[in-house]
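*Asks:* Structure below; questions to follow.
There are 2 protein chains.
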Amino acid sequence: MKTEWIAVDWGTTALRAWAMVGGAVVDLRHSDRGMGRLQPSEFEAALLDLVSDWLGAEATPVVACGMVGSRQGWVEAPYSRVPCKPLTTTVTAPTTDPRLRVDVISGLAQDTPPDVMRGEETQIAGFLALNPSFDGILCLPGTHTKWVHMSAGEVVSFRTVMSGEVFAAISTQTVLRHSLDTQEMDREAFDAALSETMTRPETFARDLFGLRAADLLTQAPPQVARARLSGGLIGLELAATKPYWLGQPVAIIGAPALSALYERSLRAQGVICEQADADEVTRAGLHAAYLRIQGIAS
Amino acid sequence: MKTEWIAVDWGTTALRAWAMVGGAVVDLRHSDRGMGRLQPSEFEAALLDLVSDWLGAEATPVVACGMVGSRQGWVEAPYSRVPCKPLTTTVTAPTTDPRLRVDVISGLAQDTPPDVMRGEETQIAGFLALNPSFDGILCLPGTHTKWVHMSAGEVVSFRTVMSGEVFAAISTQTVLRHSLDTQEMDREAFDAALSETMTRPETFARDLFGLRAADLLTQAPPQVARARLSGGLIGLELAATKPYWLGQPVAIIGAPALSALYERSLRAQGVICEQADADEVTRAGLHAAYLRIQGIAS
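As they're listed, the protein sequences go chains A and B.
Using the working numbering, read the first sequence as starting at 1009 and increasing by one per residue.
Using the working numbering, read the second sequence as starting at 1009 and increasing by one per residue.
What follows is the structure in structure tokens.
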């Protein structure tokens, strides 16, 4: 089937593209040529390498979100200030190949406290397209987890907590790496650490070295140490973001395994939450942007 | 002057040796051949490379502390369990050169909560040798800061907080590295972050990404971001170690710049504290161990 338009999610470490007809996927590709590995002049070639056989003689519309729109990206798509709708402006990227017309979606920024997002605004728009009446909190867990307060179709405020990146730095770059050599997590240890840091957040930093010492002294299992580090960080995050989730419905949008940890943690606080499919909402957000660019929807 | 004995502080990343006559230094050397870069069979040669011209025909006593006594070191000097005096046992390392006799000082361990130290026990012993009547808290800031409760010449309990290593991991391995490119720290920003995390520890993790966002949105100066990260981590540490320092005299033993940050932070809580010279207490501890090994003191 002929590609009508191309949806692109172009982050720091990865590039994903979907060949689309309306809101339906007809093909998909991905590559590891993320923004972090490309100079501004290299984006067009990187995209063509991945999708050129989807293109016809006429310009195919491409709609892209993510770090591709940052200052170090293909073209800078300036941040829009919240409160605002998640989809605001797009910027057309410079291209030389007449078969391409590429529009990049702006990220969102907040002045107080200072915060930014790029890519998540598109997922938020997609979630709203699929759930138009949703009011409440969106939680987008990842390297930089976003907590987003939605009301009447607008992003009211948001907060980024970098628990994922801190987990990666501590678990690979400190002495704890010797005691975390597993991908498994002990559920009870996760729950206990979560509960402890939610009650006494200051214990998080104090108890870190104990994970190493317990390994040295009693060969404590790595799946316990890994679960305690994860549970401790998520507990610290939930303690700090309580004004977001307390008494609110929460929808979680992220990779399934990490989303499940957040769901488990929020449910332990009595929060009503659900998971949404991250790929589906990303495509729905890019589709909503495509319809706006084509003048089909507002 | 002829070397009577050799004092050695052999950690993970560095080897330092002093040629001694009694308690007086007659020469000193250092090298970057720490435990982390050596196989067990390579320690003797590394030491000889550094100090062979200090040696006479007879065996010169060498007293060593630090990671040289770990399982991956020259010889394992098993941990002694607290409560106990800081100097407990020594283990003689295997040597082939008749000009050397090397004794390695045991570290200390604690079962509940699990914790270990290697090297700091020697500094503690040296501090006690210089301040025999001290009862109170020793704070040894560093990669792994130790908080030590001393009473009647014994280590009653201790706690390791790895703020230094977490600072290094976050400031070099996460997105914040782009916003911390300075060695300067803004004092007001340090004090404010310290106070905030002492009052509301959970804000530490939540506010991290704001350091990056403030840089992106308002070009906030890196010396403010660096100070906030440092103050936040030390605030989290002080909040968690309050049972150690509250209402107690504290002596700080560490590198001068880091010790000054801890002193500033503790004084802001009304704690009476003083700094001790880390090199001097290390040598005094090694000297106390030397006297015991020679049967000159108990």
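Quick reminder that beta carbons are idealized off the backbone N, C-alpha and C, glycines included.
Keep in mind the model is a prediction, meaning the values are calculated, not measured.
#1: Which whole-angstrom value is the C-beta distance of B/M1075 and B/G1127, which I expect to be below 8 Å?
#2: Quick one: grab the DSSP three-state call for A/F1166.
#3: I need the boundaries of the alpha helix (DSSP H) containing B/V1076, first residue and last residue.
#4: Which of the three DSSP states, helix, strand or coil, is assigned to B/G1293?
#5: Select from B/L1136, B/S1078, B/G1044, B/I1304 the residue whose C-alpha is nearest the C-alpha of B/A1286.
#6: Starting from B/D1199, trace the alpha helix (DSSP H) in both directions and tell me its first and last residue.
#7: Determine the contact status of B/A1221 and B/V1071, defining contact as a CB-CB distance below 7 Å.
#8: Look at the alpha carbon of B/G1303 and the alpha carbon of B/P1264, and state the distance between them as a whole number of angstroms.
#9: Note the first and the last residue of the continuous beta strand (DSSP E) segment covering A/E1282.
#10: Could you tell me which uninterrupted beta strand (DSSP E) segments, each at least 3 residues in length, are contained entirely in the stretch 1040-1120 of chain A, listed from first to last along the chain?
#11: By how many angstroms is the C-alpha of B/S1141 removed from the C-alpha of B/G1115?
#12: Give the straight-line distance between the Cα atoms of A/P1122 and B/A1228, rounded to the nearest whole angstrom.
#13: Give every residue of the same chain whose Cβ lies closer than 6 Å to the Cβ of A/T1249, excluding the five residues on either side of it in the sequence, and list them in chain order.
#14: For A/H1038, name the three-state secondary structure that DSSP assigns.
#15: Quick one: what's got a C-beta closer than 8 Å to A/G1237's C-beta in the same chain, skipping five residues either side?
#16: Pick from A/F1212, A/R1107, A/A1197: whose alpha carbon is nearest that of A/E1066?
#17: What residues are listed by DSSP as bridge partners for B/D1123?
#18: If we require 3 or more residues per run, which beta strand (DSSP E) segments fall completely within the stretch 1203-1280 of chain B?
#19: List the DSSP bridge partners of A/K1010.
#20: For A/D1287, which residues in chain B fall below 7 Å Cβ to Cβ?
#21: Using the DSSP secondary-structure output, state which residues sit across from B/I1145 in a beta bridge.
#22: Compare the C-beta of B/M1043 against all C-beta atoms of chain A and say whether one is closer than 7 Å.
#23: If you draw a straight line from the C-alpha of A/I1014 to the C-alpha of B/P1251, how long is it?
#24: Who are the near neighbours of B/T1043 in its chain, counting only those whose CB is closer than 7 Å to its CB and skipping five residues on each side?
#25: I'd like to know whether the C-beta of B/E1173 is nearer than 7 Å to at least one C-beta of chain A.
#26: Do we get a CB-CB distance below 7 Å when we pair A/Q1181 with the residues of chain B?
#27: Name the chain A residues that come within less than 8 Å of B/L1216, Cβ to Cβ?
#28: Does any C-beta atom of chain A lie closer than 7 Å to the C-beta of B/L1202?
*Replies:* Looking at the coordinates:
#1: One-based indexing of the second sequence puts residue 1075 of chain B at position 67. One-based indexing of the second sequence puts residue 1127 of chain B at position 119. Your pair B/M1075 and B/G1127 checks out as a contact, with CB atoms roughly 7 Å apart and the cut at 8 Å.
#2: The residue labelled residue 1166 of chain A in the question sits at position 158 within the first sequence. Looking at A/F1166 - three-state DSSP - the assignment turns out to be strand.
#3: Numbered from its first residue, the second sequence carries residue 1076 of chain B at position 68. No alpha helix (DSSP H) contains B/V1076, which DSSP labels as neither H nor E.
#4: Along the second sequence, read from residue 1 onward, the residue named residue 1293 of chain B stands at position 285. Reduced to three states, the DSSP call for B/G1293 is helix.
#5: In the second sequence, the residue the question calls residue 1286 of chain B occupies position 278. When each option's Cα is compared against that of B/A1286, the closest is B/L1136.
#6: Mapped onto the second sequence, residue 1199 of chain B falls at position 191. Taken as a continuous stretch (DSSP letters only), the alpha helix (DSSP H) holding B/D1199 covers 1195-1207.
#7: What you label residue 1221 of chain B is simply residue 213 of the second sequence in a count that begins at 1. What you label residue 1071 of chain B is simply residue 63 of the second sequence in a count that begins at 1. Going by C-beta atoms, B/A1221 is not nearer than 7 Å to B/V1071.
#8: As a working note, residue 1303 of chain B is residue 295 in the second sequence. As a working note, residue 1264 of chain B is residue 256 in the second sequence. About 34 Å.
#9: Position 274 of the first sequence holds residue 1282 of chain A. Run containing A/E1282: 1281-1285, per the beta strand (DSSP E) assignment.
#10: 1068-1073, 1098-1100, 1108-1113, 1116-1118
#11: Here residue 1115 of chain B refers to the residue found at position 107 when the second sequence is read from its first residue. Here residue 1141 of chain B refers to the residue found at position 133 when the second sequence is read from its first residue. Rounded to whole angstroms, B/G1115 to B/S1141 spans 23 Å at the Cα level.
#12: For this step, residue 1122 of chain A is matched to residue 114 along the first sequence. For this step, residue 1228 of chain B is matched to residue 220 along the second sequence. Spanning the two alpha carbons is a distance of roughly 10 Å.
#13: Locating residue 1249 of chain A in the first sequence gives position 241, counting from the first residue. These residues qualify, in order along the chain: W1155.
#14: For the purposes of this step, residue 1038 of chain A is taken as residue 30 along the first sequence, with counting starting at 1. It is a strand residue.
#15: Along the first sequence, one-based indexing puts residue 1237 of chain A at 229. Inspection of the sequence shows that residue 1237 of chain A is occupied by Leu rather than by Gly. Hits under 8 Å: F1175, I1178, S1179, L1184, L1188, A1201, L1216, L1219.
#16: Residue numbering aside, residue 1066 of chain A sits at position 58 when the first sequence is read from its first letter. It is A/R1107 whose Cα lies nearest to the Cα of A/E1066.
#17: Here residue 1123 of chain B refers to the residue found at position 115 when the second sequence is read from its first residue. Looking at the DSSP assignment, B/D1123 forms a beta bridge with B/Q1118.
#18: 1258-1262
#19: Within the first sequence, residue 1010 of chain A is the residue found at index 2, counting from 1. In DSSP, A/K1010 forms no bridge with anything.
#20: Along the first sequence, one-based indexing puts residue 1287 of chain A at 279. Those within 7 Å of A/D1287 in chain B number zero; the least Cβ separation is about 24 Å.
#21: Here residue 1145 of chain B corresponds to residue number 137 of the second sequence, with the count starting at 1. DSSP output for B/I1145 lists B/H1157, B/V1258 as bridge partner(s).
#22: For the purposes of this step, residue 1043 of chain B is taken as residue 35 along the second sequence, with counting starting at 1. Cβ-Cβ to chain A under 7 Å: no for B/M1043.
#23: Residue mapping note: residue 1014 of chain A aligns to position 6 of the first sequence, counting from 1. Residue mapping note: residue 1251 of chain B aligns to position 243 of the second sequence, counting from 1. One C-alpha to the other measures close to 60 Å.
#24: In the second sequence, the residue the question calls residue 1043 of chain B occupies position 35. In the sequence on display, residue 1043 of chain B carries Met and not Thr. So the list reads W1018, G1019, T1020, M1075, V1076, S1078, Q1080, G1081, once near-sequence residues are dropped.
#25: Along the second sequence, read from residue 1 onward, the residue named residue 1173 of chain B stands at position 165. Answer yes: the Cβ-Cβ gap between B/E1173 and chain A drops below 7 Å somewhere.
#26: Taking the first residue of the first sequence as position 1, residue 1181 of chain A is located at position 173. Cβ-Cβ to chain B under 7 Å: yes for A/Q1181.
#27: On the second sequence, position 208 is the one that residue 1216 of chain B refers to. Those are V1169, M1170, V1174, listed as they occur along chain A.
#28: Taking the second sequence and counting its residues from 1, the one referred to as residue 1202 of chain B is at position 194. Chain A contact via Cβ: absent.
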